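From first to last, the protein sequence lines stand for chains A, B, C and D. As numbered in the numbering used here, the first sequence has no gaps in its residue numbers, which increase by one up to the final residue, 69. As numbered in the numbering used here, the second sequence has no gaps in its residue numbers, which increase by one up to the final residue, 374. As numbered in the numbering used here, the third sequence has no gaps in its residue numbers, which increase by one up to the final residue, 262. As numbered in the numbering used here, the fourth sequence has no gaps in its residue numbers, which increase by one up to the final residue, 185. Don't be surprised by glycine CBs; every beta carbon is placed ideally from N, CA and C. In this text the structure is predicted, and so the values were computed from the model without any measurement. First up is the structure itself, then whatever we jot down about it.
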Amino acid sequence: MSGRFQVEIDPAYCKACRLCIQVCPKKVLAQRADGKAIVENPDDCIGCQLCEWHCPDFAITIKGEKKNG
Amino acid sequence: MAKQLVQGNEACVEAAIAAGVSFFAGYPITPSTEIAEKMAEKLPAKGKVFIQMEDEIASMAAIIGASLTGAKSMTATSGPGFSLMQENIGYAAMTEVPVVVVNVQRGGPSTGTPTLPSQGDMMQARWGTHGDHPVIALAPSSVQETYDLTFEAFNLSEKYMVPVVLLMDEIVGHMREGIELYKPEKIIDRRKPVQSPEEYLPYQTDDSLIPALAPFGQGYRYHVTGLIHDETGFPSNSPKVIEGLVERINKKIDKHADEIITYNSFDVDDADVVLLAYGSPVRSARQVQQAARQEGLKVGLVQMITVWPFPHKVLSQLYRQTEATFIVPELSLGQLADELSKSVPREKILRVNRNDGSLITPAQLDAVVREAVR
Amino acid sequence: MNYKNYLRWNKLPHIWCPGCGHGIVLGAFLRAVAQRELNKDDVAVVSGIGCSSRAAGYVDFNTLHTAHGRAIPFATGIKLSRPDMKVIVLTGDGDATAIGGNHFIHAARRNLDLTVIVFNNNIYGMTSGQFSPMTPHINFATTAPHGNFDYPFDLVELAKGAGATYVARGAAAYPRQLEKAIGQGLDHEGFSVIEAMSQCPTYYGRKNKMGTAEQMLKWQKENATVSSNPGEKIPLGVFVQVERPEYTKLTGQFIDSVSGGK
Amino acid sequence: MSKHWEIIISGSGGQGVITAGIILAAAALKDGKNVIQTQSYGPEARGGASRCEVLISEENLAYPKVQQCNMLVALTQEALNKYSSLIAPGGMLITDKSIDTSALSNDIIVLKAPVYSTVANIGNLMVANILVLGVLNSVIDAVTGDSLAAAVSSRVPPSTIELNMKALTEGNRVGKELKREVEIA
Numbered sequence: 001m002s003g004r005f006q007v008e009i010d011p012a013y014c015k016a017c018r019l020c021i022q023v024c025p026k027k028v029l030a031q032r033a034d035g036k037a038i039v040e041n042p043d044d045c046i047g048c049q050l051c052e053w054h055c056p057d058f059a060i061t062i063k064g065e066k067k068n069g
Numbered sequence: 001m002a003k004q005l006v007q008g009n010e011a012c013v014e015a016a017i018a019a020g021v022s023f024f025a026g027y028p029i030t031p032s033t034e035i036a037e038k039m040a041e042k043l044p045a046k047g048k049v050f051i052q053m054e055d056e057i058a059s060m061a062a063i064i065g066a067s068l069t070g071a072k073s074m075t076a077t078s079g080p081g082f083s084l085m086q087e088n089i090g091y092a093a094m095t096e097v098p099v100v101v102v103n104v105q106r107g108g109p110s111t112g113t114p115t116l117p118s119q120g121d122m123m124q125a126r127w128g129t130h131g132d133h134p135v136i137a138l139a140p141s142s143v144q145e146t147y148d149l150t151f152e153a154f155n156l157s158e159k160y161m162v163p164v165v166l167l168m169d170e171i172v173g174h175m176r177e178g179i180e181l182y183k184p185e186k187i188i189d190r191r192k193p194v195q196s197p198e199e200y201l202p203y204q205t206d207d208s209l210i211p212a213l214a215p216f217g218q219g220y221r222y223h224v225t226g227l228i229h230d231e232t233g234f235p236s237n238s239p240k241v242i243e244g245l246v247e248r249i250n251k252k253i254d255k256h257a258d259e260i261i262t263y264n265s266f267d268v269d270d271a272d273v274v275l276l277a278y279g280s281p282v283r284s285a286r287q288v289q290q291a292a293r294q295e296g297l298k299v300g301l302v303q304m305i306t307v308w309p310f311p312h313k314v315l316s317q318l319y320r321q322t323e324a325t326f327i328v329p330e331l332s333l334g335q336l337a338d339e340l341s342k343s344v345p346r347e348k349i350l351r352v353n354r355n356d357g358s359l360i361t362p363a364q365l366d367a368v369v370r371e372a373v374r
Numbered sequence: 001m002n003y004k005n006y007l008r009w010n011k012l013p014h015i016w017c018p019g020c021g022h023g024i025v026l027g028a029f030l031r032a033v034a035q036r037e038l039n040k041d042d043v044a045v046v047s048g049i050g051c052s053s054r055a056a057g058y059v060d061f062n063t064l065h066t067a068h069g070r071a072i073p074f075a076t077g078i079k080l081s082r083p084d085m086k087v088i089v090l091t092g093d094g095d096a097t098a099i100g101g102n103h104f105i106h107a108a109r110r111n112l113d114l115t116v117i118v119f120n121n122n123i124y125g126m127t128s129g130q131f132s133p134m135t136p137h138i139n140f141a142t143t144a145p146h147g148n149f150d151y152p153f154d155l156v157e158l159a160k161g162a163g164a165t166y167v168a169r170g171a172a173a174y175p176r177q178l179e180k181a182i183g184q185g186l187d188h189e190g191f192s193v194i195e196a197m198s199q200c201p202t203y204y205g206r207k208n209k210m211g212t213a214e215q216m217l218k219w220q221k222e223n224a225t226v227s228s229n230p231g232e233k234i235p236l237g238v239f240v241q242v243e244r245p246e247y248t249k250l251t252g253q254f255i256d257s258v259s260g261g262k
Numbered sequence: 001m002s003k004h005w006e007i008i009i010s011g012s013g014g015q016g017v018i019t020a021g022i023i024l025a026a027a028a029l030k031d032g033k034n035v036i037q038t039q040s041y042g043p044e045a046r047g048g049a050s051r052c053e054v055l056i057s058e059e060n061l062a063y064p065k066v067q068q069c070n071m072l073v074a075l076t077q078e079a080l081n082k083y084s085s086l087i088a089p090g091g092m093l094i095t096d097k098s099i100d101t102s103a104l105s106n107d108i109i110v111l112k113a114p115v116y117s118t119v120a121n122i123g124n125l126m127v128a129n130i131l132v133l134g135v136l137n138s139v140i141d142a143v144t145g146d147s148l149a150a151a152v153s154s155r156v157p158p159s160t161i162e163l164n165m166k167a168l169t170e171g172n173r174v175g176k177e178l179k180r181e182v183e184i185a
């Protein structure tokens, strides 16, 4: 991984609501064919965690140096 | 021990305190109010909690919450309040949380006759909340019995993890008699889990069918829900789990019914006529029965102390043995007599009902007894 | 501790619909808990009935899923028996303000130390979309097919009027602010109410042509504000934070004075 | 005298007839008797005719209510009118001198005591209940004087013990005089 942050999405919990895609300011995330979220541009992640906080299904984890605990 | 002049409702409070009640939540309602008043006076002095809630629904909820932390908890009410409590009586039955609910019966339906006695809540005590559920109900006929049975209510509740209803009535609640305020010999506390928190399943049971619920806040974290749940405590819609749980919570009482059921019988072995009563009508029945025996009439009396589970086995056996006519005095239109007809043929049951707010008088009952023995 | 360690992962995924705001609110709550490093054994979470109240099953504390509207009186029993425990109520707009309205105002009046998080999705979700006391005037619901002519409660004003000593409002669209509002509620000694605006795309959204979950969240973002000059927007923030003797403390003092500290 | 007493004490709400009944019952219990006390509840206790029942017996008591009232105490005309029909033939009535008893049947022993004039002399109408208790017990000897005095002093507010004991003493005196009159007659 070249970015400072790793975005992990667990497809077992993702319900394809697209909220994470909407809130990401850097367009890191995109939709798979089945609607679930995938990480498309991992290097662009700035670690803001908005996707994680907006994920109603606890499917997203941002790892790395975080702004908030 | 010197006897003291105590009111029925006060005797209930004294016994509850002696049994170790540490949490009372209630809402004032005639004719049970003295229980809340005395609790308010006495519990804080013992370092225990009294709270007057906003209604009876909340009172039931609060005592279940307190009981889940391990506290012996109770509430007291009368007809309309008992109706409101039904929701959470069902919750306690379903989640197997021990609580004692005192219902000092007054006349109904609805607000009925607040200051007058009745036994119209007998079926409600059994079937007031929805669904097939277990319950134990005890009924005192004197102030001393109120004291005795309040202990018993706590003991049974803790032992079987079930709500126990102390089914009093206005007469018993309000009259004063000389009683002994003794220290209870036997105090039963609920079972404690034997497993470690890691292995603990709150609703796993052994042959007794009774779960050991750990008090909240002692390292055993689990989930409690009024939904059908499996051994882990979490909801399930599996037909097997549904059937298993509903059967178990009922069977845990049925299986132990012989241990739970208590009654007093007087002169029944050779009886041509058996009086069957619980609560204050026992007083009339006893007077009539004793007088009849003195005259040589073969009249006996069965006083039910446990109203639920109903002593069908005892009564059907007694009927087979004696083929007696059963006379059922009760302060309702026939809730007790109807239940009896499951174990004694309907045509062998004579009903003596009174629902005018007065106790059945010995004279009223005596006339029926004489007619029956003739 | 990582906030996700407070979840009962074997119970997930949860029953909430895709895009439901309740998971966002639950996450904010757990992050607030994690920041305070609350010990799981010392916390009781009590819920009533409804979509929101299923939250109790997903969190690894002493959890109690009760009857409709009754979470607060159950919690009252726990808190009074174990004043040392942190007792948190997770409830919904219908659960807390309709069937449980009486309990809500009385617990506020007593200033009992409970943290009550009201997941407000403006509708009864579990039973598929009937109006609640917090459904806005002339909104639609299955039991208001011609528009709801009831006027709604403003939960903040209700809690304030009833005597709650901490009252805040947050929204799923502002998870960081929501987390702070809940956190301050957890820190507050007394009856704390946090209204958490939550989107229900399945029922409320569909009935009121609010669009997808994304669009509903966007609506929230645009129509609710943390600004102190909210104008026509729904204000978010802390509205009440006052000190008043807390109920279990008062009970304890009262018991000590009556019993002589026995 | 009969060893089985079925007593009704009646008056208007607030006169303390229930307290009087409880005190009598407590005294009887102290004497080792069987006793049951019941009362009318509700609106009656807040005005209008109020009543308290006390059963005292050497025998076990089953039925807890009065069946054959052999002693009615009526402190007001209204209470007398309401409850006089409960007095069994041969039973007794104790009431105040001012009360009209002309409608009662001949088989009732009517004892009219100067209840209110005596309490007026004591200086407090509130103790009519205790005074009449003294009257009642001096007439029927249902309980021992010591037990009755002990029950009074333990069940009235501490600040009123002296006043109430005085009322009891006066009641005993009035009762003894009444009893003498009845026996002479």
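- [ ] Could you pull the start and end residues of the beta strand (DSSP E) that B:Val164 belongs to?
- [x] Pro163 to Asp169
Open item on the list: With a threshold of 8 Å between beta-carbons, can C:Ile182 be considered close to chain A, or not?
Closed with: no
TODO: Note down, in chain order, each residue of its chain lying with its Cβ closer than 6 Å to the Cβ of C:Ala96, except the 5 sequence neighbours on either side.
DONE: Phe104 and Val118
- [ ] Give every residue of the same chain whose Cβ lies closer than 7 Å to the Cβ of A:Lys15, excluding the five residues on either side of it in the sequence, and list them in chain order.
- [x] Asp57
Open item on the list: Can you list, in chain order, the residues of its chain with a C-beta nearer than 6 Å to that of A:Gln6? Leave out the 5 residues immediately preceding and following it.
Closed with: Lys63 and Gly64
Open item on the list: Assuming B:Ser325 is part of the beta strand (DSSP E), what are its boundary residues?
Closed with: What sits at residue 325 of chain B in the sequence shown is Thr, not Ser. It spans Thr325 to Glu330 - the beta strand (DSSP E) in which B:Thr325 sits, taken as one unbroken run.
TODO: Please list, in chain order, all residues of the same chain as C:Ile99 whose beta carbon is under 7 Å from its beta carbon, the five residues on each side excluded.
DONE: His68 and Gly69
Task: The alpha helix (DSSP H) enclosing D:Ser57, as first and last residue numbers - done: That residue, D:Ser57, is in no alpha helix (DSSP H); its beta strand (DSSP E) goes Ala49 to Ser57.
TODO: Tell me where the alpha helix (DSSP H) around B:Asp254 begins and ends.
DONE: Pro239 to Asp254
- [ ] Indicate whether the contact test is met: 3 or more Cβ pairs, each with one atom in the segment 131–150 of chain B and one in the segment 238–252 of chain B, closer than 8 Å.
- [x] yes
- [ ] Inspect the beta-carbon positions of C:Pro133 and C:Asp93 and report whether they are closer than 8 Å.
- [x] yes
Open item on the list: Could you compute how far the alpha carbon of D:Gln67 sits from the alpha carbon of B:Pro114?
Closed with: 23 Å
Open item on the list: Taking a contact to mean a Cβ-Cβ separation below 8 Å, would you say C:Tyr58 touches C:Leu26 in this structure?
Closed with: yes
- [ ] Closer than 7 Å by C-beta to B:Leu201: which residues in its own chain qualify, once you throw out the five before and the five after it? Chain order, please.
- [x] Glu231 and Thr232
Open item on the list: Quick check on the burial criterion: 16 or more other C-beta atoms within 10 angstroms. Buried or exposed for B:Gln287?
Closed with: buried
Task: Exposure of C:Trp16, with buried meaning 16 or more beta-carbon neighbours within 10 Å - done: buried
- [ ] Have a look at B:Gly81 and D:Asp141 and give me their C-alpha separation to the nearest angstrom.
- [x] 44 Å
Open item on the list: Taking its Cβ as the centre, do 16 or more other Cβ atoms sit within 10 Å of C:His188, making it buried, or is it exposed?
Closed with: buried
- [ ] Spell out whether any CB of chain D is found under 8 Å from the CB atom of B:Lys3.
- [x] yes
Task: B:Gln287: contacting residues in chain D (beta-carbon distance under 7 Å) - done: Ala62 and Tyr63
TODO: Give the interface partners of D:Gln39 over in chain B, defined as CB-CB distance under 8 Å, in chain order.
DONE: His174
Task: Reduced DSSP secondary structure (H/G/I, E/B, other) of B:Ser308 - done: Checking the sequence, you will find Trp at residue 308 of chain B rather than Ser. Strand at B:Trp308.
- [ ] With DSSP as the reference, label D:Asp107 as helix, strand or coil.
- [x] coil
- [ ] For B:Val224, return the contacting residues in chain C, with the cut-off set at a CB-CB distance below 8 Å.
- [x] Thr63, Leu64 and His65
Task: chain G contact for B:Leu359 (CB, 8 Å cutoff) - done: In the structure shown, chain G does not exist; the protein chains are A, B, C and D.
Open item on the list: Short of 8 Å in beta carbon distance, which residues of its chain neighbour A:Lys67, apart from the five on each side in sequence? Order them along the chain.
Closed with: For A:Lys67, the predicted structure reports a pLDDT of 47, less than 50, and the residue's modelled location is therefore unreliable. The matter cannot be settled from this model.
TODO: Verify the CB distance criterion: does D:Leu86 have a CB-CB separation below 8 Å to chain B?
DONE: no
Open item on the list: Within a Cβ cutoff of 6 Å, which residues of the same chain sit near C:Ile138, ignoring the five residues on either side of it in sequence?
Closed with: Gly147
Open item on the list: Bridge partners for C:Lys86 per DSSP, in chain order?
Closed with: C:Val43
Open item on the list: Within a Cβ cutoff of 6 Å, which residues of the same chain sit near D:Lys82, ignoring the five residues on either side of it in sequence?
Closed with: Ala49
- [ ] Output the distance between the C-alpha atoms of C:Val46 and C:Glu246, rounded to the nearest integer angstrom.
- [x] 20 Å
Task: Helix, strand or coil at D:Gln77 according to DSSP, with G and I counted as helix - done: helix
- [ ] Evaluate B:Gln321 with the Cβ neighbour count: other Cβ atoms within 10 Å of its Cβ, from every protein chain shown; 16 or more gives buried, anything less gives exposed.
- [x] exposed
TODO: State the start and end residues of the unbroken beta strand (DSSP E) segment that holds B:His223.
DONE: His223 to Thr225
Task: Beta-ladder partner(s) of B:Met60, from DSSP - done: B:Met60 is not bridged to any residue.
Open item on the list: What does the alpha-carbon distance come out to for the pair C:Asp42 and C:Phe61?
Closed with: 8 Å
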